[in-house]
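Right, one structure below, let's go through it.
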Amino acid sequence: MNYNFYLVDDDVSVLSILSKIIVNNNLGDVIGKSTDGETALFEIHGIKPDIVLVDLLLPKKDGISLVTEIKMVYPELPCIMISEVYAKEMVSKAYNNGVEFFVNKPINVIEVINVIKRVDEKIKMKRVIDSFQTAIQSIKTLSGEITSMDTYKDSYVDEARHIFSHLGILSDAGTKDLTLMIAFIFDQNSSEKHEIFDHKLSDLYEYVSMKYEKEKGELVSSKAIEQRIRRAITQALRNIAEMGLHDYEHIAFERYASTLFDLSEVRKEMDFIKRLSKKSGKISIKKFLTGLIEELK
Numbered sequence: 017m018n019y020n021f022y023l024v025d026d027d028v029s030v031l032s033i034l035s036k037i038i039v040n041n042n043l044g045d046v047i048g049k050s051t052d053g054e055t056a057l058f059e060i061h062g063i064k065p066d067i068v069l070v071d072l073l074l075p076k077k078d079g080i081s082l083v084t085e086i087k088m089v090y091p092e093l094p095c096i097m098i099s100e101v102y103a104k105e106m107v108s109k110a111y112n113n114g115v116e117f118f119v120n121k122p123i124n125v126i127e128v129i130n131v132i133k134r135v136d137e138k139i140k141m142k143r144v145i146d147s148f149q150t151a152i153q154s155i156k157t158l159s160g161e162i163t164s165m166d167t168y169k170d171s172y173v174d175e176a177r178h179i180f181s182h183l184g185i186l187s188d189a190g191t192k193d194l195t196l197m198i199a200f201i202f203d204q205n206s207s208e209k210h211e212i213f214d215h216k217l218s219d220l221y222e223y224v225s226m227k228y229e230k231e232k233g234e235l236v237s238s239k240a241i242e243q244r245i246r247r248a249i250t251q252a253l254r255n256i257a258e259m260g261l262h263d264y265e266h267i268a269f270e271r272y273a274s275t276l277f278d279l280s281e282v283r284k285e286m287d288f289i290k291r292l293s294k295k296s297g298k299i300s301i302k303k304f305l306t307g308l309i310e311e312l313k
């Protein structure tokens with residue numbers, strides 16, 4: 017990492033601790049510090065740091081007010097809140113006003129490093145999204161087909177929806193998330209590189225979350241996206257199991273039971289439906305996505 021940090025805290029010892037953590041762990045450089053919000057706002061406008069760490073309780077201008085004003089000018093600038101306040105309403109207000117993550121006081125080295133790494137991942141993912149959208153828009157412009165990302169469809173997206181229809185989950189909320197992930201995977205790589213599923217699931221969830229926020233203004237956490245996808249795939253497993261119970265040679269059962277799921281888990285789900293077992297089958301999101309990519313190829 018090589019980011020420029022600006023630190024705001026009315027306790028100079030905290031500023032010193034944070035500076036040492038950032039520099040000693042090669043997280044970047046500290047290019048500015050301040051002990052009050054008004055000075056910080058003025059200096060941030062001038063030096064334009066990459067990441068800001070700001071204390072919640074500050075003299076003259078509190079941390080949430082400072083972040084709010086920063087975001088009005090630099091909406092993409094990541095802000096990490098430093099706080100020893102745990103009131104839910106205060107934390108909620110901070111998130112609603114643009115705070116990315118929290119670091120708790122007293123300062124813990126491991127926590128600071130981990131939070132900054134998470135911000136780093138989000139910054140990198142945003143860059144990927146921006147390059148992805150720029151490339152797509154350039155292709156559309158050259159071909160004379162300038163349309164929004166929401167209306168952009170490729171054959172693999174249509175085929176994915178066709179598969180979701182076979183699985184009985186086309187209308188599930190998680191299906192839209194899966195479709196965005198599939199589109200991202202195929203547009204990021206040439207078809208020759210799809211032999212191995214090499215994307216971290218957490219990155220894909222974060223991509224979908226940021227896409228909703230950027231294009232629709234919807235705030236959907238990556239955790240909520242993971243849960244929606246898990247529910248959709250779990251329903252697909254149940255639907256496939258029921259197909260197998262009614263007709264073991266059903267075309268959808270034969271094609272997807274072992275490619276999108278672990279066949280042993282499908283059998284467990286079948287036994288669960290028949291009340292022969294108290295344990296239902298389990299799904300693997302990565303197995304499902306890997307199998308789906310292979311199907312779409």
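Position 179 of the sequence shown, counted from 1, bears residue number 195 in the numbering used here, the numbering being contiguous throughout. Note that the Cβ used here is the ideal one computed from N, Cα and C, for glycine as well. Quick caveat, the model's predicted, so the values are computed rather than measured.
Go through its chain and collect everything with a Cβ distance to N18's Cβ below 7 Å, but skip five positions before and after it.
What you label residue 18 is simply residue 2 of the sequence shown in a count that begins at 1. Correct list, in chain order: G44.
What ranges does the beta strand (DSSP E) occupy inside the region 34-116, keeping only unbroken runs of at least 3 residues that lie completely in it?
44-50, 67-71 and 95-99
Enclosing beta strand (DSSP E) for F21 [first to last residue]:
Walking along the sequence shown from the start, residue 21 turns up at place 5. Where F21 is concerned, the enclosing beta strand (DSSP E) stretches over Y19 to V24.
So, for T195: in the same chain, excluding its five sequence neighbours on each side, which residues have a beta-carbon less than 7 Å away from its beta-carbon?
Your numbering for residue 195 matches position 179 in the sequence shown. Around T195: V173, A176 and R177.
Among L34, A257 and I198, the one whose alpha carbon lies nearest that of G307:
The residue given as residue 307 occupies position 291 in the sequence shown. Minimum Cα distance to G307 is reached at I198.
Please go through the same chain and pick out, in chain order, the residues whose beta-carbon is closer than 6 Å to the beta-carbon of V115, but skip the five residues on each side of it.
For the purposes of this step, residue 115 is taken as the residue at position 99 of the sequence shown. So the list reads V83, C95 and M97, once near-sequence residues are dropped.
Sorted by chain position, which residues of the same chain lie with C-beta nearer than 8 Å to E234's C-beta, five sequence neighbours on each side aside?
What you label residue 234 is simply residue 218 of the sequence shown in a count that begins at 1. Sequence-distant Cβ neighbours of E234 in its own chain, meaning closer than 8 Å and more than five residues away, are Y228.
Looking only at its chain, what residues have a beta carbon closer than 7 Å to the beta carbon of K298, apart from the 5 residues adjacent to it on each side?
What you label residue 298 is simply residue 282 of the sequence shown in a count that begins at 1. Within the same chain, K298 has close Cβ partners E281.
Please go through the same chain and pick out, in chain order, the residues whose beta-carbon is closer than 8 Å to the beta-carbon of F269, but skip the five residues on each side of it.
Residue mapping note: residue 269 aligns to position 253 of the sequence shown, counting from 1. Counting only Cβ-Cβ distances below 8 Å, and skipping sequence neighbours, we find I256, M259, G260 and D263.
Is there contact here, the region 22-32 with the region 49-56, by at least three beta-carbon pairs under 8 Å?
yes
Please confirm whether N40 and I129 have their CB atoms less than 8 Å apart.
Counting from one through the sequence shown, the residue named residue 40 turns up at place 24. Counting from one through the sequence shown, the residue named residue 129 turns up at place 113. Annotated as distal: N40 and I129, with beta-carbon spacing of 8 Å or more.
Under three-state DSSP, which class holds D174?
The residue you call residue 174 lines up with position 158 of the sequence shown. In the displayed model, D174 falls within a helix according to three-state DSSP.
Are the beta-carbon atoms belonging to V70 and G79 less than 8 Å from one another?
Taking the first residue of the sequence shown as 1, we reach residue 70 at position 54. Taking the first residue of the sequence shown as 1, we reach residue 79 at position 63. Here V70 is near G79, since their CB atoms are less than 8 Å apart.
With 16 as the cutoff for other CB atoms within 10 Å, does I132 come out buried or exposed?
Stepping through the sequence shown from its first residue, residue 132 is reached at position 116. Flag for I132 reads buried.
I63: buried (16+ other C-beta within 10 angstroms of its C-beta) or exposed?
Position 47 of the sequence shown, counted from the start, is the residue given in the question as residue 63. The residue in question, I63, is exposed, as its Cβ has fewer than 16 Cβ neighbours within 10 Å.
Which whole-angstrom value describes the C-beta separation of I38 and V46, a residue pair presumed to lie in contact below a C-beta threshold of 8 Å?
In the sequence shown, the residue the question calls residue 38 occupies position 22. In the sequence shown, the residue the question calls residue 46 occupies position 30. Contact holds; Cβ gap of about 6 Å.
State buried or exposed for K302, treating a residue as buried only when at least 16 other CB atoms are found within 10 Å of its CB.
In the sequence shown, the residue the question calls residue 302 occupies position 286. Exposed, since its Cβ has fewer than 16 Cβ neighbours within 10 Å.
Assign K294 to one of two classes, buried (16 or more other C-beta atoms within 10 Å of its C-beta) or exposed (fewer than that).
Along the sequence shown, read from residue 1 onward, the residue named residue 294 stands at position 278. Exposed, by the Cβ-count rule.
Which residues does DSSP list as the beta-bridge partners of N130?
One-based indexing of the sequence shown puts residue 130 at position 114. DSSP lists no partner for N130.
Based on DSSP bridge pairs, tell me the residues matched to V224.
What you label residue 224 is simply residue 208 of the sequence shown in a count that begins at 1. Under DSSP, V224 shares a beta bridge with no residue.
State yes or no: is the C-beta of K358 within less than 8 Å of the C-beta of M226?
The structure shown does not extend to residue 358, since the chain is modelled only from 17 through 313, so no value can be given for it.
Pull up the DSSP beta-bridge partners for F118, would you.
As a first step, residue 118 must be located in the sequence shown, where it is residue number 102. Note: F118 sits in a beta bridge opposite M97.
Under the three-state DSSP convention, the category I299 falls into
The residue you call residue 299 lines up with position 283 of the sequence shown. Residue state, collapsed to three classes: coil.
Is T167 buried or exposed, if buried means 16 or more other CB atoms sit within 10 Å of its CB?
Reading the sequence shown from its first residue, position 151 is the one you call residue 167. The pLDDT assigned to T167 is 43, lower than 50, so where the model puts this residue is not dependable, and the model offers no usable value.
Pairwise C-alpha distance: H266 and F117
Your numbering for residue 117 matches position 101 in the sequence shown. Your numbering for residue 266 matches position 250 in the sequence shown. Going by the C-alpha atoms only, they are around 49 Å apart.
Report all residues from its chain with a CB closer than 6 Å to the CB of T51; omit the five preceding and five following residues, and keep chain order.
What you label residue 51 is simply residue 35 of the sequence shown in a count that begins at 1. So the qualifying residues of the chain are D26.
Go through its chain and collect everything with a Cβ distance to E211's Cβ below 7 Å, but skip five positions before and after it.
As a first step, residue 211 must be located in the sequence shown, where it is residue number 195. Only weak support is given to the placement of E211: the predicted model assigns it a pLDDT of 45, under 50, and the question is left unresolved by the model.
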